[in-house]
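Visitor:
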Amino acid sequence: METKQPKVEKHHHHILSDRMAVGIGISLLILTVITVGMAHVDLGKFNFFFAMLVATVKASLVALFFMNLFYDRKENGVIFGTSFLFLVIFIVLTGTDLFFRGDVAVKGPLFAPTQGKSKLVKPWISTPELVSHGKELFAAQCTSCHGAEGKGNGPAAASLNPPPRNFTSNDGWKNGRKATLVFKTLKEGLQGSSMASYATLPVDDRWALVQYVLSLGPTPPDQDAPEDFAKAGVDAAGGGEAPEAPTISVAAAMKLMAEPQKPIEGVRLYAVAPQEGEAKSAGAAIYAARCSSCHGTEGKGGLIVKNMGVNPKAFVTTRSLTSSLPSLQSTEAFTKVVIEGIPGEAMPASGDLTSSEIQDLYQYVKGLAAQN
Amino acid sequence: MSEAELAHEHHHAHHFASANDEFEACKQGMWVFLVTEVLMIGGLFVAYGIFRGLYPEMFHEAHKMLNWKMGATNTVVLILSSLTMVLGVTATQRGRRTQAMGYLLVTLLLASCFLVVKYFEYTHKIHDGLLPGGFFTNAELKEVPKVSLFFSLYFVMTGIHGLHVIIGMGLIAWILKRTANREFSPHYYTPVEMVGFYWHFVDLVWIYLFPLLYLVG
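Those protein sequences? They're chains A and B, same order as listed.
The opening residue of the first sequence carries number 4 in the working numbering; numbering runs sequentially from there.
The opening residue of the second sequence carries number 2 in the working numbering; numbering runs sequentially from there.
If you want it as structure tokens, here you go:
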């Protein structure tokens with residue numbers, strides 16, 4: 004038994020009277036009724052603040068009286084109150100991200116093309132420094148598609164249709180084999196192909212790549228005509244690149260340019276797994292594995308698939324194989340489409356199929372057409 | 002006020018100058034713990050705030066799937082349980098052992114009511130496919146963009162709260178047993194009051210959860 008009675012200070016060992024306890028309890032219940040009632044009255048934005056206000060009053064009653072803070076030493080109240088202060092800081096500072104997000108769109112896209120003047124005088128005229136700098140950049144940026152020697156045979160090239168340009172040949176340069184136009188290609192990419200825009204690279208780096216890429220060819224490049232400078236947006240008098248027009252965010256641009264359209268729905272984002280059970284024929288098995296995810300299990304097409312590797316990103320609607328497409332009219336036409344794909348479209352090249360497999364596939368597809 | 006015979010005397014720990022110092026230290030420690038709980042649950046409230054700020058219409062649509070009557074019932078249940086808890090503490094402070102035990106038992110029963118209502122709410126949602134994130138399969142709300150976010154928040158916030166209710170019930174049961182064992186008196190009731198604080202805090206969190214989840218404008 005303790006010899007000394009602990010000092011029972013009213014301040015810290017306050018015993019809440021039953022009357023107070025019940026009174027606070029009833030107040031809490033009334034406040035609950037109020038908050039539920041007011042939630043059914045439309046006060047717009049004020050609903051939220053009112054609900055939080057009532058909740059805070061209730062919480063204060065619990066903390067002050069049920070948890071004794073009203074009668075307790077001040078430090079405990081300060082400790083508890085500080086936690087709410089930090090919570091408010093947490094909410095408000097994080098909230099500033101939310102409230103100020105609009106500013107990003109106003110100032111322009113996150114990856115704005117680099118602007119402005121080239122430090123070079125006439126970069127469309129080749130120099131050894133440009134070519135050697137371009138060679139380093141080429142190794143970092145371009146070899147995955149165009150190959151280490153620029154022959155268009157990089158590791159990623161096999162799946163691309165149209166295939167990457169072979170710089171060691173004079174043929175097929177979409178924009179022309181001229182310095183300004185190659186610069187244009189680098190700046191804008193090539194629509195309908197996987198050649199992306201490299202506008203995020205600095206101007207001078209792009210000119211270096213231009214000169215390197217042209218240096219790989221069998222003959223010197225063609226001369227730039229005045230209209231080529233205009234086409235490429237290059238300031239012939241001033242330097243490497245004409246000043247760009249002020250950019251706006253893509254979202255804002257789309258608002259200005261887009262026509263009202265139904266949003267694209269039902270985009271097939273992944274291949275459909277082949278159906279369970281044995282395929283009835285070899286052709287059916289190939290179709291299920293290679294074709295059904297885009298053309299549908301009955302070949303009716305009409306599925307929206309993403310055209311991968313295309314600049315800009317596009318969606319296409321697949322053809323129906325039960326219609327009278329030219330490629331379905333003969334084995335030769337069918338074989339050509341399957342082996343080569345369709346350039347610029349989502350139809351891939353399946354050069355790995357043997358001619359007997361393609362025969363089986365053709366028979367199966369004709370069968371689908373006959374059923375519909 | 003008759004003092005019931007104590008099962009054993011409470012001797013304060015030797016590093017405290019007095020029993021009162023021990024009591025004050027314990028209480029302050031409890032408040033510091035509750036501060037950590039405020040900030041833990043606060044993190045979830047911030048997440049709630051961000052997503053509600055980004056998708057206000059979605060929150061409004063999604064919250065319609067919550068039954069506000071069940072939520073309100075649970076609010077009333079928890080408020081009453083806080084009341085019976087505090088009455089249990091004051092009864093212990095006054096040395097009324099059997100009365101205290103009665104109040105603690107009622108608190109436990111009210112807490113069970115809360116969990117039963119929660120059980121019905123959860124099973125109903127699971128049945129309707131109103132589940133977090135990738136598990137969301139509800140047909141009615143399918144068109145609402147990002148709607149599974151609301152239910153992710155709902156399940157995590159009420160789930161963590163429910164876990165605290167269960168833990169609280171364990172603590173109250175422990176205190177009930179110790180009260181039955183005559184371990185508390187007007188001179189020593191610290192664990193009872195501290196468990197009371199924990200329980201009031203659980204109630205306090207629900208006081209905020211209820212309007213934020215069930216009464217979205």
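Idealized CB from N, CA, C, for every residue including glycine.
All of these numbers come straight from a predicted model, not from anything done at the bench.
For the alpha helix (DSSP H) holding residue 365 of chain A, just list the boundary residues, first then last.
Guide: Note, residue 365 of chain A: alpha helix (DSSP H), 358 to 374.
Visitor: Do you know offhand how far residue 355 of chain A's Cα is from residue 342 of chain A's?
Guide: Roughly 8 Å separates the two Cα atoms.
Visitor: Could you pull out every residue in the same chain whose Cβ sits closer than 6 Å to the Cβ of residue 140 of chain B, ignoring the five residues on either side in sequence?
Guide: Once the five neighbours on either side are set aside, residue 140 of chain B has no close Cβ partner at all.
Visitor: Report the three-state DSSP secondary structure of residue 15 of chain B (helix, strand or coil).
Guide: Residue state, collapsed to three classes: coil.
Visitor: Taking Cβ positions only, does residue 86 of chain A come closer than 8 Å to chain B?
Guide: Output row for residue 86 of chain A: interface = yes.
Visitor: Are the Cβ atoms of residue 149 of chain B and residue 134 of chain B separated by less than 8 Å?
Guide: Cβ distance < 8 Å, so residue 149 of chain B and residue 134 of chain B count as in contact.
Visitor: Can you tell me whether DSSP reads residue 149 of chain B as helix, strand or coil?
Guide: Residue 149 of chain B falls in the helix class under three-state DSSP.
Visitor: By alpha-carbon positions, which one of B/195, B/205 and B/202 ends up nearest to residue 24 of chain B?
Guide: The shortest C-alpha separation from residue 24 of chain B is found at B/195.
Visitor: Along the chain, which unbroken stretches of the beta strand (DSSP E) at least 3 residues long are found entirely within the region 93 to 167 of chain B?
Guide: Runs of the beta strand (DSSP E) inside the region 93 to 167 of chain B: none found.
Visitor: Give every residue of the same chain whose Cβ lies closer than 6 Å to the Cβ of residue 113 of chain A, excluding the five residues on either side of it in the sequence, and list them in chain order.
Guide: Since pLDDT at residue 113 of chain A reaches only 43, below the 50 mark, its modelled position is unreliable, and no value is offered.
Visitor: List the residues that DSSP assigns as beta-bridge partners of residue 147 of chain A.
Guide: Residue 147 of chain A pairs with nothing; no bridge assigned.
Visitor: Got a sec? Which residues, its chain only, sit under 7 Å from residue 192 of chain A by beta carbon, not counting five neighbours each side?
Guide: The residues are 198, 199, 200 and 314.
Visitor: Under the criterion of a Cβ to heavy atom distance below 7 Å, does residue 323 of chain A qualify as lining the ligand ZN?
Guide: Judged by which ligands are present, the structure shown has none, so any question about the ligand ZN falls away.
Visitor: Measuring only between beta-carbons, confirm whether residue 209 of chain B sits less than 8 Å from chain A.
Guide: Judged by the 8 Å Cβ criterion, residue 209 of chain B is in contact with chain A.
Visitor: Check the DSSP bridge columns for residue 181 of chain A and list the partner residues they point to.
Guide: In the DSSP output, where bridge partners are listed per residue, residue 181 of chain A has A/225.
Visitor: What are the residues of the region 185 to 217 of chain B that lie near chain A, defined by any Cβ-Cβ distance shorter than 7 Å?
Guide: Here the close residues are 188, 198, 201, 204, 205, 208, 209, 212 and 216.
Visitor: Is residue 321 of chain A near residue 365 of chain A, with beta carbons less than 8 Å apart?
Guide: No, the Cβ-Cβ distance between residue 321 of chain A and residue 365 of chain A is not below 8 Å.
Visitor: Could you say which of B/104, B/151 and B/181 lies nearest to residue 64 of chain B if we only look at CA atoms?
Guide: Out of B/104, B/151 and B/181, B/151 has the C-alpha closest to the C-alpha of residue 64 of chain B.
Visitor: What number of angstroms, rounded off, separates the C-alpha of residue 147 of chain A from the C-alpha of residue 139 of chain A?
Guide: About 14 Å.
Visitor: Looking at the unbroken alpha helix (DSSP H) that takes in residue 47 of chain B, where does it start and where does it end?
Guide: 20 to 55 is the extent of the alpha helix (DSSP H) around residue 47 of chain B.
Visitor: With the cut-off set at 8 Å, would you say residue 92 of chain B and residue 100 of chain B are in Cβ contact?
Guide: Yes, Cβ-Cβ distance for residue 92 of chain B and residue 100 of chain B is below 8 Å.
Visitor: Say whether chain B places a C-beta atom closer than 8 Å to the C-beta of residue 44 of chain A.
Guide: So no, residue 44 of chain A is outside the interface.
Visitor: For chain A, check one thing: does any of its Cβ atoms lie closer than 8 Å to the Cβ of residue 51 of chain B?
Guide: True, the Cβ-Cβ gap to chain A drops below 8 Å.
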